[in-house]
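Chains as they are written, first to last, in my numbering: chain A, 1 to 365; chain B, 366 to 730.
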């Protein structure tokens, strides 16, 4: 089982809403939210997205191929609008509804890749399209997040034309940023690799990651978008292996803290019949939107429903990006604690479900 | 040159007392002290001492040999009492004087080892005694720190008998703790190494490090003493290589922050003629106490003044432990900003001087 689940459950169980306040050491609760814990969690999110960027270089992004682009784009657009539409119909405010939509977009590449790997099916054409589409989907999901954050920050319900102009502006900024950093960052890392000094590459890489996160945050985007772009750019350098090993070590500390905190924010006491029903609705949206949204274009491409279905099922899993978006929504006051709980519940269920469903749809070969 | 110097100077230059408040980004000073920065620096100190512990296993401690024990002990006792005596004579309060004494005790193993290595002299008997004595010296220096912290926490000027009983109590607790953890921790790490899971050893090691630091802190010692004991114990396990690689990666982030913060606390505006003179006095104490304190017993052992002098000179360098002790003294309000500045100045000068002096005394062979 993916370790993210263990970290989330550790947070839920030992968090301040469950055992956290009950277990006291020297009269101080075992876990309490404070500035320091939040700083660690925020750094965790930045490191997680930097690693995600490292795994998918700009070259790989360009090489994904037309079918993957189409499947990946559909896998963002359909869940976003379906999530938004359902929540808007249910009477939730505009800002909450688009945040839920955004949290539904990004497929968890790690979980899908591991599941396909365990089945020994990574070489099949449908698997390759699924993985590449999940890459595209992650990038577009972050673009959607940037747009949503910009809209929410503006604090008003914008007109469609404004949404469209924001969309264009954000996309252009993002592509511009990516081109610039993909040109410069690998050169900086390669230069650092030439100094035969302990830690030269590692220190430079982490400085670029946090530097770009800070810069992008200053420009009004979410800092994780900058960390992701930095990762994609650094992935082009020759010292990529050293950077990956180092960042994975760093993530061993920060990433469990991030997922633990995200789990700790879940308040089990708030789970009522209503939230359970709403979680069910959200899970249904998550399943249907990806299976149809990605499965249909894949079916048309393969001219084979079964193979199309495999792609659709492979895209179901949600993970870290969804959790990060839910956390941003909660912190910004746009999502209620209930909706946050529902999103985490949806992510846990899709994470558990995807490997089981994938086994099914690949069995019938 | 040792990277510690670069990190300290970066802190001094970009700290809030120099350029830090001058350089503003979006109206916010580049560097300001806050809870988060302090938490990072504290974690840095814990990680640095954990690594120091990893480098010197309990086995190596026991194998150091009688001459190294004597040289190392003298290298703690002489600087401590000389520092204490001079500062007490100059009219400083008891608590300040013993804190200065404590900050003078620990030799910087890293700097001396590197200098001997560059000279190609690590195999000589006097070099081996120097390195082993520096190990003993580090452990005793931390024991002295524990005693000093206990005395300062009590808030009174204790009678000699009380100091003696505290000394005995602290030493027994320390040896007991070390025996217990050296028995259990390697087994825990070896067990973790048997799970063939990414991060099992690394996660366990870091949990033991911070767990023991917290426990020891609860017992009234400084947390870094616990981290050091954890490091010494973990060094006995079979997975030591994995732990070292991982911890070095982690230190690449936390350790520059620690030294940067320690440098940033130095307030250049406070350097007056008086503090410059006092820095000179402190540097003199640092040089004389180690050269005589370690050089004399070594001379008696070798029956050769020149070889004894080499050992004495090799023990001059001060480093991270001294900086950590100075930081604790400043935070506890026991050291003034002036004395803190003088200690950092002394550490910088001895760090620069030791390699130069070592070259001299080894040349005349």
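Note that the Cβ used here is the ideal one computed from N, Cα and C, for glycine as well.
In this text the structure is predicted, and so the values were computed from the model without any measurement.
Are the C-beta atoms of residue i and some chain A residue less than 8 angstroms apart?
| i | result |
| --- | --- |
| residue 564 (chain B) | yes |
| residue 372 (chain B) | no |
| residue 617 (chain B) | yes |
| residue 614 (chain B) | yes |
| residue 596 (chain B) | no |
| residue 611 (chain B) | yes |
| residue 400 (chain B) | yes |
| residue 404 (chain B) | yes |
| residue 568 (chain B) | yes |
Could you tell me whether the Cβ of residue i comes closer than 8 angstroms to any Cβ of chain D?
| i | result |
| --- | --- |
| residue 212 (chain A) | Going by chain labels, chain D is absent from the structure shown, which instead holds the protein chains A and B. |
For chain B, find out if any of its Cβ atoms is closer than 8 angstroms to the Cβ of residue i; answer yes or no.
| i | result |
| --- | --- |
| residue 48 (chain A) | no |
| residue 54 (chain A) | no |
| residue 32 (chain A) | no |
| residue 106 (chain A) | no |
| residue 118 (chain A) | no |
| residue 206 (chain A) | yes |
How would you write the range of the alpha helix (DSSP H) that residue i sits in, first residue to last?
| i | result |
| --- | --- |
| residue 203 (chain A) | 200 to 218 |
| residue 620 (chain B) | 605 to 629 |
| residue 414 (chain B) | 400 to 420 |
| residue 739 (chain B) | Outside the displayed range of chain B (366 to 730) lies residue 739 (chain B), so it cannot be described from this structure. |
So, helix, strand or coil for residue i, using DSSP?
| i | result |
| --- | --- |
| residue 701 (chain B) | coil |
| residue 174 (chain A) | helix |
| residue 195 (chain A) | coil |
| residue 221 (chain A) | coil |
| residue 433 (chain B) | helix |
| residue 87 (chain A) | helix |
| residue 96 (chain A) | helix |
| residue 666 (chain B) | helix |
| residue 484 (chain B) | helix |
| residue 363 (chain A) | helix |
| residue 342 (chain A) | helix |
| residue 162 (chain A) | helix |
| residue 126 (chain A) | helix |
| residue 132 (chain A) | helix |
| residue 267 (chain A) | coil |
| residue 508 (chain B) | helix |
| residue 237 (chain A) | coil |
| residue 286 (chain A) | helix |
| residue 230 (chain A) | helix |
| residue 63 (chain A) | coil |
Report the partner residues of residue i according to the DSSP bridge assignment.
| i | result |
| --- | --- |
| residue 182 (chain A) | Answer is none; residue 182 (chain A) lacks a bridge partner. |
| residue 275 (chain A) | None, per the DSSP bridge assignment. |
| residue 107 (chain A) | A:318 |
>> Does the region 64 to 77 of chain A come into contact with the region 269 to 284 of chain A, if we say contact requires no fewer than three beta-carbon pairs (one atom in each stretch) closer than 8 angstroms?
In response: By the criterion of at least three beta-carbon pairs nearer than 8 angstroms, the region 64 to 77 of chain A is not in contact with the region 269 to 284 of chain A.
>> Does the structure place the region 323 to 343 of chain A close enough to the region 587 to 604 of chain B that three or more beta carbon pairs sit under 8 angstroms?
In response: no
> Touching or not, the region 79 to 86 of chain A and the region 101 to 117 of chain A, by the rule of three or more beta carbon pairs under 8 angstroms?
Replying inline: yes
>> Taking 8 angstroms as the cut-off, does the region 526 to 545 of chain B touch the region 499 to 514 of chain B (at least 3 CB pairs, one atom from each stretch)?
In response: yes
>> Using a Cβ distance threshold of 8 angstroms, determine whether the region 612 to 630 of chain B contacts the region 411 to 430 of chain B, with at least three qualifying pairs required.
In response: In short, these stretches touch, since the Cβ pair count reaches three.
> Can we say the region 683 to 699 of chain B touches the region 472 to 488 of chain B, given the rule of at least three CB pairs closer than 8 angstroms?
Replying inline: yes
> Would you call the region 92 to 99 of chain A and the region 329 to 336 of chain A touching, i.e. three or more CB-CB distances under 8 angstroms?
Replying inline: yes
> Counting pairs of Cβ atoms below 8 angstroms between the region 258 to 277 of chain A and the region 10 to 18 of chain A, do you hit three or more?
Replying inline: yes
>> Pairs of beta-carbons, one from the region 560 to 571 of chain B and one from the region 599 to 617 of chain B, closer than 8 angstroms: are there three or more?
In response: yes
> Looking at C-beta atoms only, is the number of pairs between the region 293 to 301 of chain A and the region 115 to 124 of chain A that lie closer than 8 angstroms three or more?
Replying inline: no
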